[in-house]
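Right, one structure below, let's go through it.
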């Protein structure tokens, strides 16, 4: 396509401002490693919340959600549970408080406070560093693929060559631009630029929604929607039939393995409980929590993230999907195997007017830069602070560690980009990260919270077994379904098949965790007492509670389990209402939209009394 002059000027102005801001802020980040990775624990919770939201509002995820909503209709609102997105509710309600009380710099540093400095503690420390690097590389690969697809379908120049495709060339250029300010500025630069990027995203959301709904004949649109598309509540079978009107979409549903929707929902809920209770993976979400000034503020920034993220995100998703329905559908019908992941870029490039297109392009570019910078800031924290400083060069100057962080960031970026070169699609990366990789993480990280006897050896064994299983189980499941279950291909598609892989990996990792724990000595008593007294988790901690109370008879255990579970349930309903509400409104289902709004407001009122007001007691 040919970008108009105004579009090009808007994009160039955005790039100049965002890179200039990143470099200007970077002076504050160069003081020491605490400033570089955590912003000196001086950033206000609402700025961290805006930053966290901006980092989660990525172009790859937006393109993925647009493709889901286009094919699956309102039931697509449930499919983000594959991650699961409601792990943020667990973090908001209690995990952020537990994590921030440690005073750690990274997730690996936090592990040391849980398991100590003995051999088992060091093994657990090393394995979480390894996992953090693997997960960050996977996520960088994910955003690399997303921005490449987006840019190649938007920008008019052909940059393909004998080495790289057009998509890969664009991805490398945009990654390089983002790297300039991210590596230099650390957490200060990341938060400052992400707050600005969030503002651009909200403006672009409003513009694209305004354009999308202008002049739409909703009565005619609703008649054109396929059977079951506008049905929100989950059923045992998906019951969406595109018929002969668009059989390619039916083929996509079968390929994804989402036909048996009830089974998918039960597995997503089961997976979600384990993945959410395990806590955030070592990455940018963890870094935001550890950057908060106080435990209570860590909880509030997590709640604020939910509040300011989902409504604008799904406003954008639903508006772009609506434009795709109205204008782009004839093009898709003419393709034998349409790529639904390029709907977003095709809609923006071909069906938005000049000016609005430039702002939306800047907004989507901002979403990529936010997600990318968040991951990049997380990775070197583990290698520099938890490995290099701890084991190799513990007595260097603060400036030395900051310079090492620059080099580490660039290296991780290059490896992540190479990983992205070999990825087949956003969907395949999404499912691998959310199912296989999380399956290897969940078991050991659930046990670390709730079981006093769990030690560093068990954590190491569980994480190692999980990582190995995450490497081989998905391939084995694919082979098994292809050879022995060809008649049930829809059951073992990429959807349910990857969830089955998650539970297989979870069982392997859980078994290794328990065996490794029981065959080795219990954790050091002093380490357990210090961790429990400081963090105050609920769970199976009775022996440690008795030890702590012998020293401090006034110590009270955490009795918030029932309140926390109530708030988790209410919080999930609140979050779900914010996901589906903008979709209802944009597609003209006003009664359903106001029902979702009523649920949202009711849940917020409940949480005001059951969660927010109680933070003064629970987050001390």
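Residue numbers (our numbering): 1322 to 1941.
Heads up, the beta-carbon is just placed ideally off N, CA and C, and yes, glycines get one too.
On a Cα-Cα basis, can you pick out the residue from the options that is closest to residue i?
i            : options                   : result
residue 1796 : 1533, 1825, 1927 and 1771 : 1825
residue 1925 : 1671, 1521 and 1893       : 1893
residue 1516 : 1404, 1483 and 1369       : 1369
residue 1704 : 1411, 1430 and 1819       : 1430
residue 1881 : 1793, 1414, 1333 and 1327 : 1414
residue 1375 : 1712, 1875 and 1689       : 1689
residue 1578 : 1381, 1520 and 1393       : 1393
residue 1637 : 1896, 1618, 1668 and 1891 : 1668
residue 1634 : 1519, 1654 and 1725       : 1519
residue 1938 : 1616, 1622, 1681 and 1562 : 1616
residue 1767 : 1621, 1606, 1887 and 1592 : 1592
residue 1383 : 1365, 1862, 1599 and 1466 : 1466
residue 1628 : 1620, 1684, 1789 and 1896 : 1896
residue 1412 : 1890, 1514, 1919 and 1555 : 1890
residue 1377 : 1843, 1791, 1632 and 1737 : 1632
residue 1600 : 1444, 1442, 1525 and 1432 : 1432
residue 1606 : 1781, 1421, 1561 and 1677 : 1421
residue 1580 : 1594, 1555, 1785 and 1933 : 1555
residue 1762 : 1365, 1449, 1372 and 1417 : 1449
residue 1790 : 1773, 1828, 1771 and 1772 : 1828
residue 1857 : 1772, 1923, 1788 and 1781 : 1772
residue 1654 : 1499, 1919, 1575 and 1566 : 1566
residue 1329 : 1859, 1822 and 1681       : 1681
Would you grab the beta carbon distance between residue i and residue j for me? Rounded to a whole angstrom, and I think it's under 8 Å.
i            : j            : result
residue 1643 : residue 1471 : Their Cβ separation, rounded to whole angstroms, is 19 Å, which puts residue 1643 and residue 1471 out of contact at 8 Å.
residue 1820 : residue 1585 : 7 Å
residue 1397 : residue 1403 : So it is not a contact: roughly 11 Å between Cβ atoms.
residue 1332 : residue 1735 : No, residue 1332 and residue 1735 are not in contact; Cβ-Cβ is about 25 Å, not under 8 Å.
residue 1662 : residue 1385 : 7 Å
residue 1665 : residue 1489 : Residue 1665 to residue 1489, Cβ: 19 Å. No contact.
residue 1765 : residue 1830 : 6 Å
residue 1733 : residue 1458 : 7 Å
residue 1841 : residue 1888 : With 8 Å as the limit, residue 1841 and residue 1888 do not qualify as a contact, their Cβ atoms being about 36 Å apart.
Give me the Cα-Cα distance between residue i and residue j, rounded to the nearest whole angstrom.
i            : j            : result
residue 1571 : residue 1679 : 34 Å
residue 1903 : residue 1596 : 27 Å
residue 1836 : residue 1779 : 7 Å
residue 1476 : residue 1325 : 11 Å
residue 1557 : residue 1883 : 30 Å
residue 1855 : residue 1529 : 48 Å
residue 1589 : residue 1405 : 8 Å
residue 1388 : residue 1641 : 10 Å
residue 1739 : residue 1485 : 11 Å
residue 1906 : residue 1899 : 11 Å
residue 1569 : residue 1916 : 33 Å
residue 1931 : residue 1865 : 28 Å
residue 1719 : residue 1463 : 32 Å
residue 1672 : residue 1645 : 9 Å
residue 1814 : residue 1400 : Low local confidence applies: a pLDDT of 48 at residue 1814 is under 50, so the model's placement there is unreliable, and no value is given.
residue 1468 : residue 1674 : 21 Å
residue 1334 : residue 1327 : 10 Å
residue 1793 : residue 1455 : 15 Å
residue 1587 : residue 1760 : 16 Å
residue 1731 : residue 1494 : 14 Å
residue 1845 : residue 1869 : 14 Å
residue 1419 : residue 1564 : 51 Å
residue 1811 : residue 1651 : Because the pLDDT at residue 1811 is just 46, under 50, the model does not fix this residue reliably, and the point stays unresolved.
residue 1727 : residue 1707 : 15 Å
residue 1783 : residue 1834 : 4 Å
Exposed or buried, residue i, counting other C-beta atoms within 10 Å across all chains shown (16 or more means buried)?
i            : result
residue 1483 : exposed
residue 1929 : exposed
residue 1648 : exposed
residue 1409 : buried
residue 1523 : buried
residue 1497 : exposed
residue 1769 : buried
residue 1474 : buried
residue 1573 : buried
residue 1809 : Interpretation of residue 1809 is limited by its pLDDT of 47, a score under 50 that renders its predicted location unreliable; the figure taken from the coordinates is listed afterwards. Exposed is the call here.
residue 1478 : exposed
residue 1709 : buried
residue 1446 : buried
residue 1345 : exposed
ask   = Does the region 1422-1441 come within contact of the region 1597-1616, defined as at least 3 CB pairs closer than 8 Å?
value = yes
key: the region 1647-1663 contacting the region 1547-1564, beta-carbon criterion three pairs below 8 Å   = no
message = For the structure I just gave you, are there three or more beta carbon pairs, one from the region 1428-1448 and one from the region 1844-1852, closer than 8 Å?
response = yes
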